[in-house]
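Each residue of the sequence shown is one higher than the one before, starting from 1 at the first, in my numbering. Heads up, the beta-carbon is just placed ideally off N, CA and C, and yes, glycines get one too. Beneath this line is the structure, given in C-alpha cells, with notes to follow.
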Amino acid sequence: MEIPVVCLKLRFMGKKLNKISGMNMKAKIIIWAICLYVVSGGFISCDNMDALYVDYLTEQTYSGKITDLKAYAGTGRVLLTWTNPKDQISKKIKIVYGDDKQEKIIDTLVDEVYIEGLTLGSYEFTVYTLDANGNSSIPVSITKSLFTQSHLESLDPPHCTAVLQEDGLYTLRFTGITNSMMKFGGSLEYTITDSNGYTHSDTYTAEIDPTELSSTYTSASFTDLPLKAGVSYEVKFSELVYPCNLKSIDTNNQYFFTEISLDSTLLTGTLKVVVL
C-alpha cells in the first residue's frame, strides 16, 4: 500500500465521478470524503498490524536448554549432572527446587552441581541456562527421592555367631553385612570381650566400587579365636556401608540395587554372642 498508488486510485475515481451526469457538487464532496476515509483507514490498520508483530519480526536468539539431566541421591543432598548447549549465548546456570522454589545460580556454565542441606524425602529440580542479560532458557526438570536420616536409623545391623572349628578354636562370623537396605562399604572392625577380661580386635577390608549397583560381600569371617564354650561375649562393631534401595537377590545371594547413596555412613552397634 504505497502513496503513489493511492493517489492514482483517487484520480481515477475523480474522473469517474465527473462523468456521472446529474450529480451536484454536494454529492460529489460526500463521495470524495467517503473514499478518503476508507483509504486513510487502510493506512491506520496496516500501521496497527505492524506494531502488533514488531516483537516477532525482530530477530532474537535465546539461550539453549540443557540435555541429559540426571540426579544421584545422597544423604540429605543430591548431585545433578547434565550436558550444556553448544551455543555461545548461554553463560550461567540456574537451578530451582523445593516447594518454596529456592534458587541456586552458578556464574559459569558448569555441568554438575551438588545441592546440599535437603531435608525432605523427594524434590523436583529444574535447571535453566541464562544468557548475559539473565534471560532463561527452556526449563528441564527431574524428580528425585533422597536418603534421609530416618533411612539411616532403620538400617539393619549385621548378625554375629561363633562357629567351632575342627581344631577346637572358633570362627567369628558376621552375616548380613550387605542386605536389602545397605551395601558393604569396604571395612568392618570389631572388638570382642568377655567378663573375664578377654579382648580381641580385628578388621576386615575389601576394595569395592561404591557406584556399582550390586554386591557379593554378604559375610565376613575371623578365624582362630580362643573362645570358650558356655561363655557370653560382647562384640562391638563398626561397619562402613552405603544406604541403598534393593532391586533383587539372585540364587547365589548376590544383591542388586536400583540406587546406592552417594554417601557412606558408619554403622555401629553392640552384639551378644553366646558360644555353645
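Ignore the nearest five residues each way along the sequence and tell me which others in residue i's own chain have a CB closer than 6 Å to its CB.
| i | result |
| --- | --- |
| Ile44 | In this predicted model, Ile44 has a pLDDT of only 43, less than 50, meaning its place in the structure is not dependable enough to derive any value. |
| Thr119 | none |
| Thr268 | Ser238 |
| Gly74 | Ser261, Leu262, Asp263 |
| Pro85 | Gly64 |
| Tyr204 | Leu188, Ala220 |
| Lys104 | Ile95 |
| Leu36 | Confidence in Leu36 is poor, its pLDDT being 49 and thus under 50, which makes the residue's placement unreliable; the coordinate value appears in the next sentence. For Leu36, where only same-chain residues beyond five positions count, there are no Cβ hits under 6 Å. |
| Thr126 | Val96, Pro139, Ser141 |
Residue range of the beta strand (DSSP E) that residue i falls in?
| i | result |
| --- | --- |
| Leu152 | Run containing Leu152: none in the beta strand (DSSP E); it sits in the alpha helix (DSSP H), 149 to 153. |
| Ala71 | 67 to 73 |
| Pro85 | It is not in any beta strand (DSSP E) - Pro85 carries neither H nor E in the DSSP assignment. |
| Glu259 | 255 to 260 |
| Glu234 | 232 to 249 |
| Glu189 | 182 to 193 |
| Tyr204 | 199 to 205 |
Is the beta carbon of residue i sitting closer than 7 Å to the one on residue j?
| i | j | result |
| --- | --- | --- |
| Asn179 | Asp156 | yes |
| Gly185 | Tyr242 | yes |
| Phe174 | Asp202 | no |
| Val275 | Ala229 | yes |
| Ile192 | Val231 | no |
Please work out which residues of its chain come closer than 7 Å, Cβ to Cβ, to residue i, disregarding the five sequence neighbours upstream and downstream, and give them in chain order.
| i | result |
| --- | --- |
| Tyr53 | Annotation note: pLDDT 45 at Tyr53 (below 50); position unreliable, no value reported. |
| Gly98 | Tyr123 |
| Leu266 | Ser238, Leu240 |
What does a CB cutoff of less than 8 Å around residue i pick up in its chain, not counting 5 residues either side in sequence?
| i | result |
| --- | --- |
| Glu207 | Gly186 |
| Asp55 | Residue confidence for Asp55 is low, a pLDDT of 46 falling below 50, so the modelled location carries little weight and cannot support an answer. |
| Ser90 | Ser63, Gly64, Asn84, Leu109, Thr129, Leu130, Asp131, Ser137 |
| Asn135 | Tyr62, Ser63 |
At least 3 beta-carbon pairs within less than 8 Å: the stretch 195 to 210 vs the stretch 130 to 150: no
Ignoring anything shorter than 3 residues, give me the beta strand (DSSP E) runs that lie fully in the stretch 98 to 129, in order along the chain. 102 to 106, 112 to 115
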